[in-house]
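Novice: Each residue of the sequence shown is one higher than the last, beginning at 398 in my numbering. For every residue, glycine included, the Cβ atom is placed at its ideal position computed from N, Cα and C. Predicted model only: the values in this text are computed from it and were never measured.
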Amino acid sequence: MSTAAISWSRQLETERRSFEPGFAGGFQKYHLLDAYRGQFFLGNQRGDNEAVFRARALDYALQQLPLVITPEQKFLGGVETYRCNTLPASLGELDYARFAGALHGRGRRNFRQG
Numbered sequence: 398m399s400t401a402a403i404s405w406s407r408q409l410e411t412e413r414r415s416f417e418p419g420f421a422g423g424f425q426k427y428h429l430l431d432a433y434r435g436q437f438f439l440g441n442q443r444g445d446n447e448a449v450f451r452a453r454a455l456d457y458a459l460q461q462l463p464l465v466i467t468p469e470q471k472f473l474g475g476v477e478t479y480r481c482n483t484l485p486a487s488l489g490e491l492d493y494a495r496f497a498g499a500l501h502g503r504g505r506r507n508f509r510q511g
């Protein structure tokens, strides 16, 4: 396995653990990318292709997010862009729960199944 693949694998594991309370890197309560993707899923009908529909949901979500750039970031638009402890004024607690629930109800694609 290449070094790049190992790095991405490690980055993905860190990202997934960062959503757990007590994570040493700093827990952030809200995942805005999930909420905005879920909002797209609720407001649009899927066409023939699930992969294209998910890509459009990601495109929509990225357009909704503010781009936060800090000098110490390893990746442009890092976790500071989509993780937060307070919701934006345009997104209430109930909306967040509904939208994030819509995303999680679709399941996760891992390119091995689903």
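(1) Between the alpha carbons of tyrosine 427 and phenylalanine 437, how many angstroms are there, rounded?
(2) What residues in its chain sit with their C-beta under 7 Å from that of proline 468, if we drop five residues either side in the sequence?
(3) Near methionine 398, which residues of its chain fall below 6 Å by C-beta distance, leaving aside the five closest residues on each side in sequence?
(4) Assuming cysteine 481 contacts leucine 429 (C-beta within less than 8 Å), just tell me the rounded distance between them.
(5) Alpha carbon to alpha carbon, how far is arginine 434 from arginine 407?
(6) Quick one: is leucine 500 buried, meaning 16 or more other Cβ sit within 10 Å of its Cβ, or exposed?
(7) How is arginine 495 classed by DSSP in three states: helix, strand or coil?
(8) Assuming the contact rule is C-beta atoms closer than 8 Å, phenylalanine 496 and alanine 454 should be a hit. Round their C-beta distance to whole Å, please.
Specialist: According to the structure shown:
(1) The residue labelled residue 427 in the question sits at position 30 within the sequence shown. The residue labelled residue 437 in the question sits at position 40 within the sequence shown. Approximately 17 Å between the Cα atoms of the pair.
(2) What you label residue 468 is simply residue 71 of the sequence shown in a count that begins at 1. None.
(3) Walking along the sequence shown from the start, residue 398 turns up at place 1. Only weak support exists for where methionine 398 lies, its pLDDT of 49 falling under 50; the value from the coordinates is given anyway. Setting aside the 5 residues that flank it on each side, methionine 398 has no residue in the same chain whose C-beta is closer than 6 Å to its C-beta.
(4) The sequence position of residue 481 within the sequence shown is 84, counting from 1. The sequence position of residue 429 within the sequence shown is 32, counting from 1. Right, the Cβ-Cβ distance comes to about 7 Å (below 8 Å), so this counts as a contact.
(5) The residue you call residue 434 lines up with position 37 of the sequence shown. The residue you call residue 407 lines up with position 10 of the sequence shown. Roughly 24 Å between the two C-alpha positions.
(6) On the sequence shown, position 103 is the one that residue 500 refers to. That one is buried.
(7) Here the question's residue 495 lines up with position 98 in the sequence shown. When DSSP states are grouped into helix, strand and coil, arginine 495 belongs to the helix group.
(8) If you number the sequence shown from 1, residue 496 lands on position 99. If you number the sequence shown from 1, residue 454 lands on position 57. Going by Cβ atoms, the distance from phenylalanine 496 to alanine 454 rounds to 11 Å, so no, they are not a contact pair.
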